[in-house]
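**Student:** Residues -23 to -1, 1 to 136, numbered by mature numbering (1 follows the signal peptide of the UniProt record, and there is no 0), are exactly what the sequence shown covers, in order.
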Amino acid sequence: MADKTQTRALFLCLLICISTTSGNKPRSRRPCKELVFYFHDILYHGYNYQNATSAIVGSPKWGNKTAWAQPFAFGDLIVFDDPITLDNNLHSPPVGRAQGMYAFAQRTDPLMNKTRDISVIGGTGDFFMARGVATLSTDAFEGEVYFRLRVDIRLYECW
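(1) How is the beta strand (DSSP E) around K91 delimited, first residue to last?
(2) Taking 8 angstroms as the cut-off, does the region 65 to 77 touch the region 10 to 21 (at least 3 CB pairs, one atom from each stretch)?
(3) Which residues in the same chain have their Cβ closer than 6 angstroms to the Cβ of S69, if we skip the five residues on either side of it in sequence?
(4) From which residue to which residue does the beta strand (DSSP E) around K10 run?
(5) Taking its Cβ as the centre, do 16 or more other Cβ atoms sit within 10 Å of G109, making it buried, or is it exposed?
(6) With DSSP run on the structure shown, which of helix, strand or coil describes G102?
(7) Count the other CB atoms, across all protein chains shown, that sit within 10 Å of the CB of A80; report buried if there are 16 or more and exposed otherwise.
(8) Checking contacts by CB at 8 angstroms: is V122 closer than that to chain C?
(9) Once DSSP output is grouped into helix, strand and coil, what is the label at G77?
(10) Take M106 as the anchor and find which of T115, L113 and S96 has the nearest alpha-carbon.
(11) Could you check where the beta strand (DSSP E) with V128 kicks off and where it finishes?
(12) For residue 142, which of helix, strand or coil comes out of DSSP?
(13) What number of angstroms, rounded off, separates the C-alpha of S31 from the C-alpha of C135?
(14) Going by C-alpha to C-alpha distance, which of N25, F104 and L88 sits closest to K10?
(15) Identify the continuous beta strand (DSSP E) that holds T30 and give its terminal residues.
(16) CB-CB under 7 angstroms to L88, same chain, minus the five flanking residues each way: which ones, in chain order?
Structure below.
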């Protein structure tokens, strides 16, 4: 009888110990990875096809494919293949390329905002399943042809 009581007590003690330990590690409020780099975007304007890195592929009726629709480029759809550099010099060796598309869907010019935040979800290689925030700021703006974005990325979930 004493063996059964001791066995039950030991089992109960182990059960309590197991149930009170946490299997999840606490989330850190500090980023696990921080990156800073620059996107260089050269918009095709009808004559610069050799070095253009983006082009308008869709525009409203009042727009055209070689200049942003006015006002505020509202309705323009742009595809891009921009070089990414570690400093703000366009002629620095690229460390990667940013590819995708963006659309102007507000009646404001987002390039003139001091900063804008976008979410980072996913990734490949070392950044597989990464989660975080990218803060974009316009570093240079030369009319409708060239702009440079500084990108500060803070990842909070790294694998």
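Even glycine gets a Cβ: it sits at the ideal position worked out from N, Cα and C. As the structure is a prediction and not an experimental result, all values here were calculated from the model.
**Tutor:** Per the coordinate set shown:
(1) As a working note, residue 91 is residue 114 in the sequence shown. In this chain, K91 is not harboured by any beta strand (DSSP E), its DSSP state being neither H nor E.
(2) Contact between the region 10 to 21 and the region 65 to 77 is present, because at least three Cβ pairs lie under 8 angstroms.
(3) Position 92 of the sequence shown holds residue 69. Excluding residues within five positions, the ones whose Cβ falls inside 6 angstroms are T62.
(4) In the sequence shown, counting from the first residue as 1, residue 10 sits at position 33. Here the beta strand (DSSP E) through K10 covers K10 to I19.
(5) Along the sequence shown, one-based indexing puts residue 109 at 132. Around the C-beta of G109, 16 or more other C-beta atoms lie within 10 Å, and the residue is accordingly described as buried.
(6) Within the sequence shown, residue 102 is the residue found at index 125, counting from 1. Reduced to three states, the DSSP call for G102 is helix.
(7) Taking the sequence shown and counting its residues from 1, the one referred to as residue 80 is at position 103. A residue is called buried when at least 16 other Cβ atoms come within 10 angstroms of its Cβ; A80 does not meet this threshold and is exposed.
(8) Checking the listed chains, one finds no chain C in this structure; it contains a single protein chain.
(9) For this step, residue 77 is matched to residue 100 along the sequence shown. Strand.
(10) On the sequence shown, residue 106 is found 129 positions in, with the first residue counted as 1. Residue S96 is the option with its Cα nearest to M106.
(11) Here residue 128 refers to the residue found at position 151 of the sequence shown. Looking at the DSSP string, the run of the beta strand (DSSP E) that includes V128 is Y123 to E134.
(12) This structure leaves residue 142 out entirely; the chain is present only between -23 and 136.
(13) Locating residue 31 in the sequence shown gives position 54, where the first residue counts as 1. Locating residue 135 in the sequence shown gives position 158, where the first residue counts as 1. If you draw a straight line from the Cα of S31 to the Cα of C135, it is about 31 angstroms long.
(14) Along the sequence shown, read from residue 1 onward, the residue named residue 10 stands at position 33. Of the listed residues, the one whose Cα sits closest to K10 is F104.
(15) To locate residue 30, count along the sequence shown from 1; it is residue 53. Premise fails: T30 is in no beta strand (DSSP E) and is neither H nor E.
(16) As a position in the sequence shown, residue 88 is number 111, starting the count at 1. Around L88: T115, F118 and F124.
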